[in-house]
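In the working numbering, the protein residues as written are 326 to 453.
What follows is a single structure, written as structure tokens, with notes after it.
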């Protein structure tokens, strides 16, 4: 089974908790492993804690890790930094599923990491 949902971001670099949307996309009888995948080269998906200060720290870390300019790809469309930040995050994660629910740890959430917003992003949730 494969379902997708859209998320509208508001800032160029933004971390959004999409755990509820992922769970809603699962069939009620899902068991096994689901894949959560960003269909974009300038946005990623990861699992981490959804605490507001930590979300801000993730944004700050990515901004500091990759400078905004000075990249060859910027000659094409000015967003090389976004591609490089998304590369650090990764485009998808695999998460265990039991009885239609994500089997995450106590503090774990599914996060969409926007690196080139604001945009509307499509996230795909796939189960066998």
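Ideal Cβ placement from N, Cα and C applies to all residues, glycine included.
Query raised in the report: If you run the structure through DSSP and keep just helix, strand and coil, what is residue 498?
Result: Residue 498 lies beyond the range of the chain shown here (326 to 453); nothing can be said about it.
Query raised in the report: Which stretch, first to last residue, makes up the alpha helix (DSSP H) that contains residue 354?
Result: Looking at the DSSP string, residue 354 is not in any alpha helix (DSSP H), and its letter there is neither H nor E.
Query - Rounded straight-line distance, which links the Cα of residue 340 to that of residue 426 - result: Here the C-alpha atom of residue 426 lies approximately 22 Å from the C-alpha atom of residue 340.
Query raised in the report: Roughly how many angstroms lie between the CA atoms of residue 450 and residue 384, to the nearest whole one?
Result: Those two C-alpha atoms are separated by around 24 Å.
**Report entry** Cβ distance (whole Å) where residue 448 is taken to contact residue 370 below 8 Å
**Finding:** Taking the Cβ atoms as the reference, residue 448 lies roughly 7 Å from residue 370, within the contact range of under 8 Å.
**Report entry** residue 436, enclosing beta strand (DSSP E) - first and last residue
**Finding:** Counting along the chain, the unbroken beta strand (DSSP E) around residue 436 starts and ends at 434–439.
Requested in this report: Keeping to the same chain, check which residues put their C-beta closer than 8 Å to that of residue 396; ignore five residues upstream and five downstream.
Outcome: Same-chain partners within the cutoff: 405, 406, 409.
Query raised in the report: Candidates 330, 338, 356, 335: which alpha carbon is nearest residue 419's?
Result: Nearest C-alpha to residue 419: 356.
Query - Exposure of residue 435, with buried meaning 16 or more beta-carbon neighbours within 10 Å - result: Residue 435 sits buried, since 16 or more C-beta atoms from the chains shown fall within 10 Å of its C-beta.
Report task. Return helix, strand or coil for residue 367, following the three-state DSSP convention. Result -> The three-state reading of DSSP puts residue 367 in coil, since its state is none of H, G, I, E or B.
Query raised in the report: Mind checking whether residue 337 and residue 441 have CB atoms under 8 Å apart?
Result: One thing to note: residue 337 has its Cβ within 8 Å of the Cβ of residue 441.
Query raised in the report: Who are the near neighbours of residue 333 in its chain, counting only those whose CB is closer than 6 Å to its CB and skipping five residues on each side?
Result: Scanning its chain for C-beta atoms nearer than 6 Å, with the 5 sequence neighbours on each side dropped, one finds around residue 333 the residues 445, in chain order.
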